[in-house]
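Undergrad: Chains as they are written, first to last, in the numbering used here: chain A, 7 to 296; chain L, 11 to 367; chain G, 4 to 236; chain B, 237 to 494; chain R, 4 to 321.
Sharing a structure here in structure tokens format.
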Amino acid sequence: MSELMQFLLSGATVGAVYALVALGFTIIYNASDVVNFAQGEFVMLGGMTTVFAHAAGLPLPLAALVAVVATSALGVALNKLAIEPARGAPVVSLIIITIGASIFIRGAAQLVFDKQIHRFPAFTGDDPLHILGATILPQSLWVIGGALVVFVALWLFFTRTLTGRAVLATSNNRLAAQLVGINTNWVMTLSFALSAGIGALAGVLVTPITMTSYDVGIALALKGFAAAMLGGMGNPKGALVGGILLGLLESLTAGYLSSTYKDAAAFIVILGVLFFMPQGLFGRKSTDRV
Amino acid sequence: DIKIGATVSATGPASFLGDPEAKTLEMLVEELNAAGGINGEKVELVLYDDGGDPNKARTFATRLVEDDEVVAIIGGSTTGTTMSIISVAEDAEVPFISLAGAVEIIEPVKPFTFKTPHTDRMACEKIFEDMQKRGFTKVGMISGTDGFGASMQAQCKSVVGNYGIEIVADETYDPKDADMTAQLTNIKGADGIQAVLNPGFGQGPSIVTRNYKQLAIDLPLYQSHGVASDGFIELAGADAAEGVRLPGTALLIADILPEDDAQKPVVTAYKAAFEAKTGTPVGTFGGYAHDAFLILKDAITRAGSAEPAAIRDAIEATSGLVGTTGVYTMSPENHLGLDLSAFRMLEIKGGKWTIVE
Amino acid sequence: MLTVEGLRSRYGRIEVLHGIDLHVDSGEIVTVVGANGAGKTTLLRCLSGVQPVSGGSITFRGEVLTPVPAYKRLRRGLAQSPEGRQIFTNLTVEENLRLGAFLFSDDRVDRDMEDAFQMFPILKEKRNLAAGGLSGGQQQMLAMARALMGRPSCLLLDEPSMGLAPIIVQQIFDVVKGLKALNVTVLLVEQNAFGALKIADRGYVMETGHITMEGTAAELIADPRIREAYLGI
Amino acid sequence: MSLLEIQGLGITFGGLRAVHDVSFKVKPGEIVSVIGPNGAGKTTLFNMISGVYQPGAGKVVLSGEDVTAMSPHLLARRGMSRTFQNLQIFQGMTVLENAVSGYHLQERGPILADLLGLPSSRRRARAAEEGARALLARVGLDRAAEREAANLSYGALKRLEIARALALQPKVLLLDEPAAGCNAVETEEIDHLIAEVAASGVAILLVEHDMKMVMRISNHIVVLDHGEKIAEGDPATVSRDPAVIAAYLGTEAEHAHG
Amino acid sequence: MKLTPKTATLLVLAALIALTPLFFPSGYYYRVGALIFVNGLSVLGIVILTGYAGQVSLGHAGFAGIGAYACALAPVHLGLHPALAIVLGAVISAIMAWLVGRPILRLKGYYLGVASLGFGILVSMVLSNERWLTKGPDGIEVPDLGLRDLLKDMGLKLANGEFWYFFSGICLLIGAWLVLNLYNSPTGRALRALHGSEIAARTVGVDVAKLKLQAFVISAVYASVAGSLLALMNKFVTPDVAGFMHSIEMVTMAVLGGAGSVLGAIFGAGILTLLPQVLTVFAEYEQLMLGAVMMLVMIFMRDGLLPSVLRKIRGRGE
Ligand SMILES: Nc1ncnc2c1ncn2[C@@H]1O[C@H](COP(=O)(O)OP(=O)(O)OP(=O)(O)O)[C@@H](O)[C@H]1O
Ligand SMILES: Nc1ncnc2c1ncn2[C@@H]1O[C@H](COP(=O)(O)OP(=O)(O)OP(=O)(O)O)[C@@H](O)[C@H]1O
Ligand SMILES: [Mg+2]
Ligand SMILES: [Mg+2]
């Protein structure tokens, strides 16, 4: 029993990490249909900037704020310098741009920062909390809470605000969006700022658990991508559920079957789900008619 | 000028290895040239970053021998990159000193291939020796699935029987995993388990150590030489790392080595220089590059020539050369030249490395 | 109100508008007729700013529009119901309409929406369904309604009757005529040239990127060339 | 004997009865038009007949064979072909290539032959191309053959779709608003084309809102409203039917005759 | 004879392969050339799958892994000649592609991407974790192809690098010839049609499911053969060959060069293979430059390098 509980807590922790990354994908995807493969780098920047700002003497909360703001600014710059000039390019080209950006950011990070592994102290100490015979670190609660908060915020944004609707409209039909007076460039800028900010926030939250270094981005982006697809790309609910589910799958497989093939099990489940639900769990079906 | 080539994994998944190696080589060449070079000739280092990709490593090795026409190659941070360089060096008859762990690199012996790190089998032996001394007979393993962890896991399993020890739990994790409590919960629950060994490098072992503490597992934890660096204590936290043992080199304990230890001056000098130059703590891996360069320098000096064949012969004749990793004595049958004594069993106490016994 | 002088536009290296001159006065309904590929759609796209202009000028209420980006033109009062409907297929009918009023956040939005629903009751029935599921004609109605939600002072309509049932076509033309009373100016591109000319004040004929004829609607309907080439009478 | 037989076809979308119990028959050489208000279910009916949607009820019988819910490519092999209300052209191909693609069933061969570029493969391709050029000329697009299809104007694309559908040399041709976006004169050209095709023995099922065209060329008209068949008969009967006038034609009814 | 685009492409390619060695200062260039050709070969598969049929795969390295490990394992365990091992690898890849493709090709866009990614990761996991067979993440040795010795016996003496340069060059030419044949053939046209509109393709009689599967299988064979060649050339292979990064690299090469055109994709393979070699002069700035080049190319040449360049040239000609 306590074993199962431990697996669940472990899965929830890891799942929340994936969910945070997956949530970061949603906004840019919703605005442009582009899966931003540099999303993992935003997470890395959040962690690394906090580490270095903290080391430079800033108190942790301030360092974290600096990291989120700086990363958002970088997101905006990415949009202005690389995505906007390529307007009208096919989606694959935009994806290659984001891959290029991720390589670029990683290359810059190893110069600006270093290639060491870093972490900073957990926000509220390292004394594990005990739940039904299992333990969880307080920082995990921060991560899980962070994922929930971001989810709720995004969900409200997309369903309750006109701006959120404008984001969806932009990806659905850019031309029409302009015709109804939406500044699509601004929507893109906003999306990149928000996505990058969420990514950085994820980095800040998870670093005390997972540690960080200049190259943690790829692996995170990959898992986050898988989680987002499992849940249905573009839907915050999908990102949250997909992330947590992926984390649970991994830890339960590691616990009960084989730790070696836990990633395999996760992907097999994803394949299975997509077989029956080709749009993921909560993905919206395209409603275009012929 | 004497052209020496190097290809290391300064970026990519193995940059923990390659980055300090690259920095060490650059630093040493600078130092050497400032001191007048070898036999009056300056040394030029041609350094490539293969990013941990064996295919790239082979291309760079080809480039080094065919295009840059170097007299020797240092590198191959990982076993994978090393293995793909070997045939290039052997075909071109250029001496090659690898910085990777696996035994296969030098077993069977190939004429031009050498290596500086201990083999992972030696690390296993050192650890099991210590476990045997403490009377453990049932232990668990949790290994990274990267080349380092997987290779050491396999080596350990092949020698563990010699020590009357049984592996009662065998778990793995992906090097990028964020949490290993699931695996550790299983290990914790294994029957009669007395100690746990964690082969791996990167952040994985730090996370394992922290999760170990979180789960309040009350058994001795052994790490591998893969994390032998002050950075590990910092990442895992002194609290969680308390009592962790691992086989390390003299480098880590430069300041507490007895004055009469032959390695003391070598490791102290390297540690001071490296930390001053890079601002990051020394680790075992930079030491491997240091020793490779040392062996090469020594060989060229003794050979009095920078011909690849002459250098090869001189490397094979290395004897009693004191490096950071240990004291090297090579022979036609032994292209590593280290023995178990090079490893020292270390334990973390109060956030510091101490020597066991 | 709207003046176009020497307007040129190209797709890549191929120019499809070779200097268009036309004007629409305030409160007027002006129609442009022409064969497939004449460049009517391109002209409207230039006016709404989604198509780059390579020469000439567009002046709207005394302001040169050329440098104004597309999304700002609705703020100036210029709305378009584009060719191919261009609705937001993934959003609901209501969301489509609300986005049509993206610039406004007052109570009038709800009233305008009720008006739209009154005009096209079917849209009210489907208000919470994804617009992509609508039938072709329903989508066309939505496109029209959405353009009206932007409270235009000048409305650009690209084949608004396409795919509509005859009874609705009649209604659309009535609506357009009714806009006149609200002092909304309309530039109407129609293949149903007869229907369009009947409600229009003036008309232009466009052939392969040139304006080849212009006149009052009555003149054009009476012109035998037009009758033969476009009205099929 | 009828070539295409629709028997009690129906489908619902989340509670909405988009089409309900619709039956009729089309004979070779006959032009049957389906008319009705927007949203009556005409396109949905087409989608069911052509295998794009799975009907919830009823049967589609083609040349005596039950082809209900059969995949479109199998229907194509049995001689059914269609155009789309919402254009479905092959982006990224030239106009000619779009038309040639219509010959797929005739020109296809073993993939290995195509990979190896065997003469047989080239022969097939050449034959299809010749046919396609002739068809493009028939719809007046021969001068645009080498242009990127995506760059054509709306009306031109409608005609390209007709050409592509004809390329299949169908026994049954479904046309969904072929004259949309064409002016009166252009519509008449399409009229002639359709009549010509029908005269060659093809059964044609037509959806169109241009009443002049419908009344001119239809042999038989089926009227749908809210998914159900509300009237049926020859043009003259249907256009005088008060229910049809109320639901659909409005005052246009006079024009159709005038 | 009229110079069709197909023969022109093949001639350009053949001339490049035959003539550039005249300018090679050292054997290293043969190695780089051979790498470009092998990468080009694997990217040709992507041309069919992505460029023609518009289906995304983020897991094609999995097939390269199968091809590579077939050459490492079959000669040792089955006593197969390495040349036959290439064939065996291709057959296994084809079968795997057929099995995997049937369920996943129903998916679209990113969903297909993630499903294929899953397949690639499964392959690379098996290669890393089944040590008893594959020797694990540190890699395994691959026997010599033996063809060079055969040529030597026939009196044609080539250095190892030279041999692989010409051998992979010829393989690339054959591969390119096949893909070019396909382009304007009925099947090629049907593939491009389903890219344009799947529903319309079906109504003109294209068996979309079957055709996608065929494209998937063919592209898998390309990746597999390229993987085999790479392994045989390096005489050593690690599970990295099947890794996610390698899959991404393939797609990037294709898109960067111009996925819809054979020469473009090969061009892309060339650029992405050469870049790391050229960028070594930037030492620590290498990654930075690589990323920047990728972004710049896609921003200013959105359809890929070669198509954009050609359009520029043609534009000036007019
Ligand atoms: N995206 C494009 N790229 C290149 N050429 C285009 C593009 N769109 C339209 N054209 C060409 O521009 C010309 C004018 O097209 P436009 O769509 O404006 O015609 P139209 O008068 O609206 O025709 P229709 O009545 O068929 O809608 C045509 O020759 C068309 O082929
Ligand atoms: N995929 C779908 N999802 C939801 N509703 C649908 C779908 N397809 C059709 N409908 C509904 O079914 C009804 C019939 O639509 P259909 O497109 O068949 O009409 P139509 O007769 O072709 O109209 P039009 O003349 O406007 O083209 C409409 O109310 C439409 O909203
Ligand atoms: Mg038009
Ligand atoms: Mg319809």
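For glycine and all other residues, C-beta sits at the position ideal for the given N, C-alpha and C.
Remember, it's a predicted structure, so these values are computed and weren't measured experimentally.
S99(A) versus chain R: which residues are under 7 Å apart at the beta carbon?
TA: V258, M301, R305, listed in chain order.
Undergrad: Measuring straight from C-alpha to C-alpha, what distance separates L231(L) and R255(L)?
TA: Cα-Cα distance, rounded: 6 Å.
Undergrad: Below 8 Å, how does it come out for the region 13-30 of chain R and the region 144-153 of chain R: are there three or more Cβ pairs, yes or no?
TA: Short answer: they don't touch.
Undergrad: Kindly provide the chain-ordered list of residues whose Cβ lies closer than 5 Å to any non-hydrogen atom of ligand 1.
TA: Chain-ordered list of matching residues: Y14(G), V19(G), N39(G), G40(G), A41(G), G42(G), K43(G), T44(G), T45(G), N387(B), L388(B), S389(B), Y390(B), G391(B).
Undergrad: With a floor of 3 residues, list each beta strand (DSSP E) that falls wholly inside the region 431-494 of chain B, ordered by position along the chain.
TA: If we require 3 residues or more, the beta strand (DSSP E) runs fully inside the region 431-494 of chain B come out as 439-443, 456-461, 464-469.
Undergrad: How many Å lie between G250(B) and K129(G) at the Cα?
TA: Computed Cα separation, rounded: 12 Å.
Undergrad: What is the rounded straight-line gap between the Cα of G244(A) and the Cα of F288(A)?
TA: Taking the straight line from one Cα to the other gives about 5 Å.
Undergrad: Does the distance from the C-beta atom of K43(G) to that of G37(G) stay below 7 Å?
TA: Yes.
Undergrad: Could you give the first and the last residue of the continuous alpha helix (DSSP H) run that contains N196(L)?
TA: Run containing N196(L): 191-198, per the alpha helix (DSSP H) assignment.
Undergrad: Contact criterion: CB-CB distance below 7 Å. Does S45(R) meet it with respect to chain L?
TA: So no, S45(R) is outside the interface.
Undergrad: Looking at chain A, is there any beta carbon in it that lies within less than 7 Å of the beta carbon of G121(R)?
TA: Output row for G121(R): interface = yes.
Undergrad: If you drop the 5 nearest sequence neighbours on each side, which residues of the same chain put their C-beta closer than 8 Å to that of Y55(R)?
TA: Taken in chain order, the residues that qualify are L185, Y186, G191, L194, R195, H198, A218, G263.
Undergrad: In whole angstroms, what is the alpha-carbon distance linking D189(L) and Y168(R)?
TA: The alpha-carbon atoms of D189(L) and Y168(R) are separated by roughly 46 Å.
Undergrad: Count the other CB atoms within 10 Å of the CB of N65(L); is the residue buried (16 or more) or exposed (fewer)?
TA: N65(L) comes out buried.
Undergrad: Quick check: is any heavy atom of ligand 3 less than 6 Å from the C-beta of E422(B)?
TA: Result no, Cβ not under 6 Å from ligand 3.
Undergrad: V98(L) and T72(L) look like a contact to me (Cβ under 8 Å); what is the Cβ gap, rounded to whole Å?
TA: Right, their Cβ atoms sit about 5 Å apart.
Undergrad: Listing by chain order, which chain A residues have their CB less than 8 Å from the CB of N186(G)?
TA: Correct list: empty, because the minimum Cβ distance to chain A is about 21 Å.
Undergrad: List the endpoints of the continuous alpha helix (DSSP H) containing L35(L).
TA: Start and end: 25-44.
Undergrad: Kindly indicate which three-state DSSP category G136(G) falls into: helix, strand or coil?
TA: G136(G) falls in the helix class under three-state DSSP.
Undergrad: Are the beta-carbon atoms of Q163(L) and C134(L) separated by less than 7 Å?
TA: Contact: no.
Undergrad: Do we get a CB-CB distance below 7 Å when we pair T123(L) with the residues of chain R?
TA: It does not: the Cβ of T123(L) has no partner Cβ on chain R nearer than 7 Å.
Undergrad: Just checking: is the beta-carbon of N322(B) within a distance shorter than 7 Å of some beta-carbon in chain A?
TA: Closer than 7 Å to some Cβ of chain A, the Cβ of N322(B) qualifies, so yes.
Undergrad: Smallest Cα separation from R131(L): which of A44(L), L350(L), W363(L), F303(L)?
TA: That would be L350(L), whose Cα lies nearest to the Cα of R131(L).
Undergrad: To the nearest angstrom, how far is the alpha carbon of L200(G) from that of T219(G)?
TA: The alpha-carbon atoms of L200(G) and T219(G) are separated by roughly 9 Å.
Undergrad: Taking the straight line between their C-alpha atoms, what separation do you get for T123(L) and P318(L)?
TA: About 12 Å.
Undergrad: How far does the alpha helix (DSSP H) with T72(L) in it reach, from first residue to last?
TA: From DSSP, the alpha helix (DSSP H) with T72(L) extends over 64-72.
Undergrad: Can you check which of these residues, L252(A), L211(A), I274(A), A175(A), is closest to G153(A) by C-alpha distance?
TA: Rather than Gly, the amino acid found at residue 153(A) in this sequence is Ala. Closest option to A153(A), Cα to Cα, is L211(A).
Undergrad: DSSP state of K180(G), grouped into three classes?
TA: In this structure, K180(G) counts as helix in the three-state DSSP scheme.
Undergrad: Does the beta-carbon of E86(G), which I'm using as the reference point, lie nearer than 6 Å to any heavy atom of ligand 3?
TA: Because some heavy atom of ligand 3 lies under 6 Å away, the Cβ of E86(G) counts as near it: yes.
Undergrad: Quick one: grab the DSSP three-state call for L6(R).
TA: Residue state, collapsed to three classes: coil.
Undergrad: For L348(B), is the classification buried or exposed, using 16 other Cβ atoms within 10 angstroms of its Cβ as the cut-off for buried?
TA: With fewer than 16 other Cβ atoms within 10 Å, it is exposed.
Undergrad: For the region 115-137 of chain G, which residues have a CB atom closer than 7 Å to at least one CB atom of chain A, in sequence order?
TA: Listed in sequence order: A133, G135, G136.
Undergrad: Between A276(B) and the rest of its own chain, which residues show a CB-CB distance below 6 Å, the 5 nearest in sequence each way excluded?
TA: Excluding positions up to five away in sequence, the list reads L460, D461.
Undergrad: Does A210(R) get closer than 7 Å to chain B when you measure Cβ to Cβ?
TA: Checking the sequence, you will find Asp at residue 210(R) rather than Ala. Yes, D210(R) lies at the interface with chain B (some Cβ there is under 7 Å from its Cβ).
Undergrad: Just mark P189(R) as buried or exposed, buried being the case when its beta carbon has 16 or more other beta carbons within 10 Å.
TA: So P189(R) ends up on the buried side.
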